[in-house]
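Here is the structure we will look at.
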Amino acid sequence: MSTNNLSSQTKSGLIVNNPGVLALVQDGGRLGQHRIGLTVGGPMDPFAFCWANRLCSNDDNASAIEVSIGGFVAEFTQATQIAVTGAEVDVKLNNQAVEQWQTLSVNAGDVLKLGFASAGCRIYIAVQGGLQVAPQFGSSATVVREKMGGLSGEALSKGTSIELAPLEAKPMLMMPENSRPVYPQNSSSEKAYKIQPLRVVLGYQADSFSRVDKAHFFSSEYTVSERMDRMGYRLTGPECRSTISNMLSEGICHGAIQLPPDGQPIILLNDRQTIGGYPKLGSVMARDTARLAQMTQGNKVFFEAVSIEDAHAINLLAEYKESQIQLLSLD
Numbered sequence: 514m515s516t517n518n519l520s521s522q523t524k525s526g527l528i529v530n531n532p533g534v535l536a537l538v539q540d541g542g543r544l545g546q547h548r549i550g551l552t553v554g555g556p557m558d559p560f561a562f563c564w565a566n567r568l569c570s571n572d573d574n575a576s577a578i579e580v581s582i583g584g585f586v587a588e589f590t591q592a593t594q595i596a597v598t599g600a601e602v603d604v605k606l607n608n609q610a611v612e613q614w615q616t617l618s619v620n621a622g623d624v625l626k627l628g629f630a631s632a633g634c635r636i637y638i639a640v641q642g643g644l645q646v647a648p649q650f651g652s653s654a655t656v657v658r659e660k661m662g663g664l665s666g667e668a669l670s671k672g673t674s675i676e677l678a679p680l681e682a683k684p685m686l687m688m689p690e691n692s693r694p695v696y697p698q699n700s701s702s703e704k705a706y707k708i709q710p711l712r713v714v715l716g717y718q719a720d721s722f723s724r725v726d727k728a729h730f731f732s733s734e735y736t737v738s739e740r741m742d743r744m745g746y747r748l749t750g751p752e753c754r755s756t757i758s759n760m761l762s763e764g765i766c767h768g769a770i771q772l773p774p775d776g777q778p779i780i781l782l783n784d785r786q787t788i789g790g791y792p793k794l795g796s797v798m799a800r801d802t803a804r805l806a807q808m809t810q811g812n813k814v815f816f817e818a819v820s821i822e823d824a825h826a827i828n829l830l831a832e833y834k835e836s837q838i839q840l841l842s843l844d
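514 is the number of the first residue of the sequence shown in the working numbering; add one for each residue after it.
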């Protein structure tokens, strides 16, 4: 355990007993820092992240824990309220099953345990008042590759302690079941789950791909490979190649579809490098990269090209629908 963890344990409200596969402190992300080489980080599934915070009456940007796959166990040393959202997982409080997508009350000494996700990949644990983690460059988002954010830029480990805000009485809330997302079942390639198309806005390098390659790309099915993490998802399927053989490195946006020399697409995500030198067909809409980030190896994806005007319309409609979600009171 680090000296930082030892010094904070006496005032900690949460101690990690088992971090599971990967547990990270995240907030909304480190925006506006690409110019100095820092990537954004932040939650892979912003919808599940924000609603976990709202169920705890927090600001959307409050620091929370993102768990990949599951296996997370933590003990609380003070009373508070929490919410668990995201991928479908067995959640237990003191070995008693509890529900996701609702506010939960915990007392000092209570133990939270997550199983392993049966559908989806990213799980979010929000705590009333947010995790009390000091920001770096305006954000607490952990990017392990950059050793930035969270607690010393590292993933949470056994014995890590995190200070929580003092308990304030807040409403006990629940998201209606018909407003909760449906996540792809975790499966092998023999039993894959096909989601709605990942919508793509073509970029300025799209003309370097032949009409045949583009038609093939947008009419084919791709498989999520084992090479999937917070930096990006590598897919396997029909090859798609650009006529660009050499190019200068340039800035890379979230959702960019890179096509390296082997013709297998890489969808770049939250912890992507800030610059890169592979040609890009376009960018997947952020709402769809969130769905992609809930997928695991063997799941199937396919793509649909949309205009930038259509992308704006899709976002506005989605924002309106989300604004109509009314949390239900459990009090």
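For every residue, glycine included, the Cβ atom is placed at its ideal position computed from N, Cα and C.
According to DSSP, what are the bridge partners of residue i?
| i | result |
| --- | --- |
| Q609 | L606 |
| E763 | G789 |
| A587 | V529, L625 |
| E579 | L537, Y637 |
| F816 | L711 |
| Y735 | V814 |
| G599 | I636 |
| F730 | Note: F730 sits in no beta bridge, so no partner. |
| Y696 | DSSP, once it has assigned bridges, lists no residue as partnering Y696. |
| M741 | Y746 |
| S631 | Looking at the DSSP assignment, S631 forms no beta bridge with any residue, so it has no partner. |
Let me make sure I understand the geometry here. Which of the options has the alpha-carbon closest to that of residue i?
| i | options | result |
| --- | --- | --- |
| L829 | L544, A596, A799 | A799 |
| G545 | Q649, N530, A587 | Q649 |
| Q693 | I821, G633, N620, L782 | Reading off the sequence, residue 693 comes out as Arg, not Gln. With distances taken between Cα atoms, R693 lies closest to G633. |
| G666 | A678, A647, P679 | A647 |
| V538 | G643, I582, F629, W564 | G643 |
| L625 | S652, Q615, V586, F562 | V586 |
| H547 | I765, M760, G662 | I765 |
| C753 | M557, Y735, V819 | Y735 |
| V580 | Y637, M687, G541, S758 | Y637 |
| G651 | L606, S674, A575 | A575 |
| F816 | L664, P778, V695 | P778 |
| G459 | L782, N783, P774, E835 | Given that the chain is displayed from residue 514 to residue 844, the structure contains no residue 459 and the question cannot be resolved. |
| L824 | D801, G662, G776 | In the sequence on display, residue 824 carries Ala and not Leu. Looking at the Cα atoms, D801 is the closest of the given residues. |
| A678 | Q807, I595, A831, Y717 | I595 |
| E835 | K660, L606, N691 | N691 |
| S717 | I821, S674, F562 | Going by the sequence as given, residue 717 is Tyr instead of Ser. That would be I821, whose Cα lies nearest to the Cα of Y717. |
| E659 | N783, S618, G776 | N783 |
Straight-line CA distance for residue i to residue j?
| i | j | result |
| --- | --- | --- |
| A600 | T756 | 39 angstroms |
| D466 | L627 | The requested residue 466 does not occur in the structure, where the chain is confined to residues 514 to 844. |
| D726 | T787 | 27 angstroms |
| F722 | E681 | 57 angstroms |
| T809 | V602 | 14 angstroms |
| L669 | D720 | 44 angstroms |
| E588 | L527 | 6 angstroms |
| M554 | G768 | It is Gly, not Met, that sits at residue 554 in the sequence shown. C-alpha separation (whole angstroms): 13 angstroms. |
| D623 | A565 | 19 angstroms |
| S733 | R785 | 25 angstroms |
| D558 | D742 | 13 angstroms |
| Y833 | I827 | 10 angstroms |
| G541 | T590 | 26 angstroms |
| L761 | V604 | 48 angstroms |
| V695 | R635 | 13 angstroms |
| L519 | D844 | Note that L519 scores 38 on pLDDT, short of 50, meaning its location in the model is unreliable; the coordinates nonetheless yield the value given after this. Near 37 angstroms, if we compare the C-alpha coordinates of D844 and L519. |
| C563 | P556 | 9 angstroms |
| R724 | N607 | 58 angstroms |
| E763 | P792 | 10 angstroms |
| G533 | I549 | 32 angstroms |
| A831 | F730 | 26 angstroms |
| G776 | N759 | 15 angstroms |
Please confirm whether residue i and residue j have their CB atoms less than 8 angstroms apart.
| i | j | result |
| --- | --- | --- |
| S842 | P689 | no |
| C569 | Q641 | yes |
| T598 | Q609 | no |
| V737 | N812 | yes |
| Q615 | M687 | yes |
| P697 | Q837 | no |
| G745 | L781 | yes |
| A592 | N699 | no |
| G663 | V529 | no |
Using 8 angstroms for Cβ pairs, my map puts residue i next to residue j. What's the rounded Cβ distance?
| i | j | result |
| --- | --- | --- |
| L805 | L715 | Rounded, the Cβ-Cβ distance is 18 angstroms, inconsistent with contact. |
| L748 | V797 | Not confirmed; about 11 angstroms, so no contact. |
| F560 | A803 | 6 angstroms |
| L535 | R543 | About 18 angstroms separates the two Cβ atoms, so there is no contact after all. |
| G584 | N531 | 6 angstroms |
| A577 | A639 | 4 angstroms |
| L794 | R567 | That pair is no contact at about 35 angstroms. |
| S525 | E739 | Not quite, the Cβ-Cβ distance comes to about 36 angstroms (not below 8 angstroms), so this is no contact. |
| V819 | V713 | 7 angstroms |
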